[in-house]
Amino acid sequence: MKTTSIKLSLSAVILLGIYSCKKGEVSSTDLEAYATTDSAAAVVSDSISSVTDMKVKDKQFIKTADVSMEVKDVYNATIAIEKSVQELGGFVTNSNLQSNVVSENTYNTSNEEAMLVKKYQTENRMQVRIPTEKLGELLTAINTNKLFLNSRSINAEDVTANIKYSELEGKRNEKTSENISKLKTNKDKVTLDNENMSEGNLQKLQSMNITDNLKYSTIDIYIKEPQLRIAEIAVTNTTSIDHKYKYNFIYDAKDGFVYGFYLIQRIIVALINVWPLLLIAAAIIYFLRKRKISKPEQPKIQE
Numbered sequence: 029m030k031t032t033s034i035k036l037s038l039s040a041v042i043l044l045g046i047y048s049c050k051k052g053e054v055s056s057t058d059l060e061a062y063a064t065t066d067s068a069a070a071v072v073s074d075s076i077s078s079v080t081d082m083k084v085k086d087k088q089f090i091k092t093a094d095v096s097m098e099v100k101d102v103y104n105a106t107i108a109i110e111k112s113v114q115e116l117g118g119f120v121t122n123s124n125l126q127s128n129v130v131s132e133n134t135y136n137t138s139n140e141e142a143m144l145v146k147k148y149q150t151e152n153r154m155q156v157r158i159p160t161e162k163l164g165e166l167l168t169a170i171n172t173n174k175l176f177l178n179s180r181s182i183n184a185e186d187v188t189a190n191i192k193y194s195e196l197e198g199k200r201n202e203k204t205s206e207n208i209s210k211l212k213t214n215k216d217k218v219t220l221d222n223e224n225m226s227e228g229n230l231q232k233l234q235s236m237n238i239t240d241n242l243k244y245s246t247i248d249i250y251i252k253e254p255q256l257r258i259a260e261i262a263v264t265n266t267t268s269i270d271h272k273y274k275y276n277f278i279y280d281a282k283d284g285f286v287y288g289f290y291l292i293q294r295i296i297v298a299l300i301n302v303w304p305l306l307l308i309a310a311a312i313i314y315f316l317r318k319r320k321i322s323k324p325e326q327p328k329i330q331e
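Okay, so the sequence shown: first residue is 29 according to this note's numbering, each after it adds one.
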């Protein structure tokens with residue numbers, strides 16, 4: 029009996045030892061896994077974003093990005109971004125660089141010269157297409173030009189279902205085409221065939237757009253300078269020139285005489301145009317006066 033108890037005790041001790049060892053091994057594994065995860069997270073944090081390199085089995089993603097930031101010089105940053113896009117196999121679809129004038133004033137420096145002072149802010153809105161596998165590299169290159177990052181968004185749209193639906197629609201279109209070909213040739217068959225062909229073309233176009241968007245990612249970029257720039261432009265003092273030619277007595281007198289002469293001509297022409305009315309008015313006045321003269325005066329009654 030004692031021997032049995034001793035054996036049971038020894039067995040329990042051995043089992044506890046094994047459990048402790050296993051527990052220690054599990055803890056070590058967990059720590060190693062945590063360290064690996066932490067290491068992977070560090071790698072991701074060093075990159076621009078995990079979304080740019082995200083790959084999921086049996087999934088297709090259309091990736092887009094939007095960046096808004098402030099740069100030291102918009103023109104130089106634009107040139108650098110366009111160069112990076114070209115080097116990575118992409119292309120620029122839109123670039124609208126402009127200067128927004130905040131204020132504009134002219135200051136006279138002499139009787140002939142003046143200085144035009146403009147305060148303005150330069151900005152640029154760009155849209156570029158880049159091979160999807162190069163999206164992260166381009167975002168990193170863009171990031172090197174920033175003074176301050178206002179915002180950055182990266183989107184990955186899952187279009188796996190869209191691609192599958194497009195394939196099914198293509199098969200349906202082919203089946204419909206086969207069914208139409210079996211019909212007798214008439215006006216309705218021609219109409220159905222045209223409609224089915226048009227639908228098939230639209231489906232092919234949609235598939236081409238999806239394929240293109242999968243191959244190339246679209247990035248919208250907005251850059252601006254944080255402070256106003258000042259431009260000083262030498263111009264002519266227009267105020268002194270206006271004063272110089274503002275009034276000329278001889279010319280104005282001559283112009284007034286000519287204007288008066290033409291005014292008299294216009295009045296005469298106007299009277300000629302209404303000569304029937306003048307003739308009628310003259311006739312009426314003539315008859316009224318004649319009637320007044322021919323009317324006898326009544327003698328005054330003596331009281």
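Built from N, CA and C at the ideal position, the CB exists for glycine as well. Please read all numbers here as calculations on a predicted model, not as lab measurements.
Quick check on residue i: buried or exposed, where buried means 16 or more other Cβ atoms within 10 Å of its Cβ?
i	result
V130	exposed
N173	buried
A184	buried
V72	Summary for V72: the model assigns pLDDT 37, below 50, so the residue's position carries little reliability, and this model does not support an answer.
K162	buried
S112	buried
S48	Confidence at S48 is low in this model, with a pLDDT of 43, below 50, so its placement is unreliable and the value that follows should be read with caution. Exposed.
E223	exposed
K35	Residue confidence is low: K35 scores 46 on pLDDT, short of 50, so the model does not pin down where it sits. No coordinate-derived value is stated.
N382	Beyond the ends of the chain as shown, which are 29 and 331, falls residue 382; an answer cannot be given.
E345	Given a span of 29 to 331 for the chain in the structure shown, any question on residue 345 remains unanswerable.
I312	exposed
A93	buried
I300	exposed
I292	exposed
A189	exposed
G117	exposed
E202	exposed
R319	exposed
I321	exposed
E98	buried
Using CA coordinates, which residue listed in the options is at the minimum distance from residue i?
i	options	result
V187	I261, K320 and D240	D240
L166	K320, G284 and F119	F119
T246	A298, V156, E132 and M82	V156
N122	E110, I321, E132 and I292	E110
L175	Y193, S209, K100 and R200	K100
I238	Y314, T160, L144 and W303	T160
D81	Y314, G164, L220 and E197	G164
N133	V145, F285 and N124	V145
Taking the straight line between their C-alpha atoms, what separation do you get for residue i and residue j?
i	j	result
I182	K212	54 Å
V218	G228	15 Å
M154	I107	11 Å
V19	K91	No answer is possible for residue 19: it lies beyond the span of the chain, which begins at 29 and ends at 331.
F89	I191	11 Å
A310	F289	27 Å
D280	Y287	10 Å
R257	T137	22 Å
L316	D283	45 Å
A298	L305	12 Å
I170	N178	13 Å
S268	Q126	33 Å
M236	T168	29 Å
E206	K199	11 Å
S226	K232	10 Å
N265	K274	14 Å
R294	F277	25 Å
I296	L307	15 Å
W303	Y314	16 Å
Tell me, to the nearest whole angstrom, how far the beta carbon of residue i is from that of residue j; I am working on the premise that it is less than 8 Å.
i	j	result
Y250	S96	4 Å
Y148	A259	7 Å
A262	E141	7 Å
S209	Q234	24 Å between Cβ atoms; not a contact.
Ignoring anything shorter than 4 residues, give me the alpha helix (DSSP H) runs that lie fully in the stretch 194-276, in order along the chain. Runs found: 215-243 and 266-273.
Completely contained beta strand (DSSP E) runs for the stretch 137-206, where each covers 3 or more residues: Complete beta strand (DSSP E) runs here, min 3: 141-159 and 174-186.
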